[in-house]
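K.L.:
Just so you know, the sequence shown maps onto residues 5 to 277 in the numbering used here. Ideal Cβ positions, reconstructed from N, Cα and C, are used throughout, including at glycine.
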Amino acid sequence: MINLKKNPIHIKGVERDKIVKKARKDLEHDGCAIIKNFLTQNAIKLLVQEANGVVNKAHFSYNRTNPYFTQDDPTLNKSDPRRKFYNRSNGFIPADNFRKDGTLRGIHDFLYFDEFIKDCLNEKKFSRYADPLADVIINVANEGNGFPWHFDTNNFTVTLAIQNAVSGGIFQYAPNIRKKNENFDEVSKVLNGKSDKIVSINLKPGDLQLFKGRYSLHRVSPLKGKLNRYVAIFSYVEEPGMVGSPERTKQLYGKVLPIHFDRAGIRNDKFID
Ligand SMILES: [Fe+2]
5 MINLKKNPIH IKGVERDKIV KKARKDLEHD GCAIIKNFLT QNAIKLLVQE
55 ANGVVNKAHF SYNRTNPYFT QDDPTLNKSD PRRKFYNRSN GFIPADNFRK
105 DGTLRGIHDF LYFDEFIKDC LNEKKFSRYA DPLADVIINV ANEGNGFPWH
155 FDTNNFTVTL AIQNAVSGGI FQYAPNIRKK NENFDEVSKV LNGKSDKIVS
205 INLKPGDLQL FKGRYSLHRV SPLKGKLNRY VAIFSYVEEP GMVGSPERTK
255 QLYGKVLPIH FDRAGIRNDK FID
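In structure tokens form, the structure reads like this:
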């Protein structure tokens, strides 16, 4: 499934080192690294089939959210980015729909995959997301859908482009915009279309993207055409055992498991969700 000829992630040596070094450099530069043609053409075909087979299990939500997924706070100034709400409408196929012997989990569980990702991210604290609904998911979006500007809950995300929409669906991000503090002024500029810090990239099916979404405000531009846009999302976190908050989990996947309540509130930074 993985194009090991181009990306020999299973053999420690010069070729692998080159890929890791480039990813680290790109991540350091702006929090985003892309490994083009990570998958074989056959894998892309199989992933599209797998996604089509469970797309009816996607949880679509249509609501208005701010970039932090928090409730409105009327005590704040109206121009505060925490009070800027946008239509959000797209779907996630929860992780419990992907079989252990399927293509997607086959890639995720490949013996050398996690270590490769860990090396690229150059993270010492590195664990798989322990969330049974969110460790490996597929994001589904079609015409009219979009994912407005937001920060991720987890510290870094690993995504695999599976199928693009006919047009649109450009990934845009403001690199490390809240690295040291919330930086509300710059966040406001992005929301108001006045930022000069936005980077746009067009991912192709089979491309692997490593992204630090906890610090970089990001969105997917509106989609056009009849084809579903599919992106697989593999999540890793700093501490083992972390899962999503009950509120956020319900919002994204339409259901919550006992583990979400049990482990609520164990994150150790102070950012808004
Ligand atoms: Fe995100």
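Helix, strand or coil for Lys228? Go by DSSP, reduced to three states.
P.N.:
strand
K.L.:
Could you please go through the chain and list the residues whose beta-carbon is closer than 6 angstroms to any non-hydrogen atom of ligand 1?
P.N.:
His154, Asp156, Gly217, His222
K.L.:
Along the chain, where does the beta strand (DSSP E) that runs through Val203 open and close?
P.N.:
203-205
K.L.:
For Ala138, name the three-state secondary structure that DSSP assigns.
P.N.:
coil
K.L.:
Where do the ends of the beta strand (DSSP E) carrying Gly95 lie?
P.N.:
90-97
K.L.:
Smallest Cα separation from Leu125: which of Asp21, Glu190, Leu261, Arg267?
P.N.:
Asp21
K.L.:
Alpha carbon to alpha carbon, how far is Lys104 from Ser239?
P.N.:
17 angstroms
K.L.:
Report the option in Pro71, Gly148, Lys230 whose CA atom is closest to the CA atom of Arg252.
P.N.:
Arg252 has its Cα closest to that of Pro71, out of Pro71, Gly148, Lys230.
K.L.:
Taking its Cβ as the centre, do 16 or more other Cβ atoms sit within 10 Å of Asp189, making it buried, or is it exposed?
P.N.:
exposed
K.L.:
Have a look at Gly228 and Asn149 and give me their C-alpha separation to the nearest angstrom.
P.N.:
As written in the sequence, residue 228 is Lys, which differs from the Gly given in the question. In this structure, the CA atom of Lys228 is about 9 angstroms from the CA atom of Asn149.
K.L.:
Using DSSP bridges, identify the partner residues of Ala37.
P.N.:
Leu214
K.L.:
Going by C-alpha to C-alpha distance, which of Pro78, Val170, Asp156, Ala47 sits closest to Tyr177?
P.N.:
Asp156
K.L.:
According to DSSP, which residues form a beta bridge with Ser171?
P.N.:
Lys228
K.L.:
Quick one: measure Cβ to Cβ for Ile23 and Ile6, integer angstroms, because I've assumed they're closer than 8 angstroms.
P.N.:
Not a contact, Cβ separation roughly 12 angstroms.
K.L.:
Can you pull the DSSP bridge partners for Ser239?
P.N.:
The secondary-structure analysis by DSSP pairs Ser239 across a beta bridge with Thr161.
K.L.:
Strictly by DSSP, which residues pair up with Arg223?
P.N.:
Bridge partners of Arg223: Gln176.
K.L.:
List the whole-angstrom C-beta distance separating Pro179 from Cys36, where the pair is believed to meet the contact cut-off of C-beta under 8 angstroms.
P.N.:
Confirmed, about 7 angstroms.
K.L.:
With burial defined as no fewer than 16 other Cβ atoms inside 10 Å of the residue's Cβ, what is the status of Leu31: buried or exposed?
P.N.:
buried
K.L.:
Output needed for Asn232: all residues of its chain with C-beta closer than 6 angstroms, excluding positions within five of it in sequence on either side, in chain order.
P.N.:
Counting only Cβ-Cβ distances below 6 angstroms, and skipping sequence neighbours, we find Val144, Asn146.
K.L.:
How is Ile48 classed by DSSP in three states: helix, strand or coil?
P.N.:
helix
K.L.:
What does DSSP give as the partner residues of His63 in its beta bridges?
P.N.:
In the DSSP output, where bridge partners are listed per residue, His63 has Phe96.
K.L.:
Pairs of beta-carbons, one from the stretch 112-121 and one from the stretch 196-210, closer than 8 angstroms: are there three or more?
P.N.:
no
K.L.:
Determine the extent of the alpha helix (DSSP H) in which Phe117 is found, giving its start and end residues.
P.N.:
117-125
K.L.:
Just the Cα atoms here: how many angstroms apart are Thr74 and Gly217?
P.N.:
17 angstroms
K.L.:
If we call anything under 8 angstroms between Cβ atoms a contact, is Pro250 one with His264?
P.N.:
With respect to the 8 angstroms criterion, Pro250 and His264 are classified as neighbours on the basis of their beta carbons.
K.L.:
Using a Cβ-Cβ cutoff of less than 7 angstroms, which residues in the same chain neighbour Asn101 once the five nearest sequence positions on both sides are dropped?
P.N.:
The residues are Val58, Lys61.
K.L.:
Leaving aside the five residues before and after Lys230 along the sequence, list all residues of the same chain whose C-beta is less than 8 angstroms from its C-beta, in chain order.
P.N.:
Once the five neighbours on either side are set aside, the close Cβ partners of Lys230 are Asn146, Glu147, Val170.
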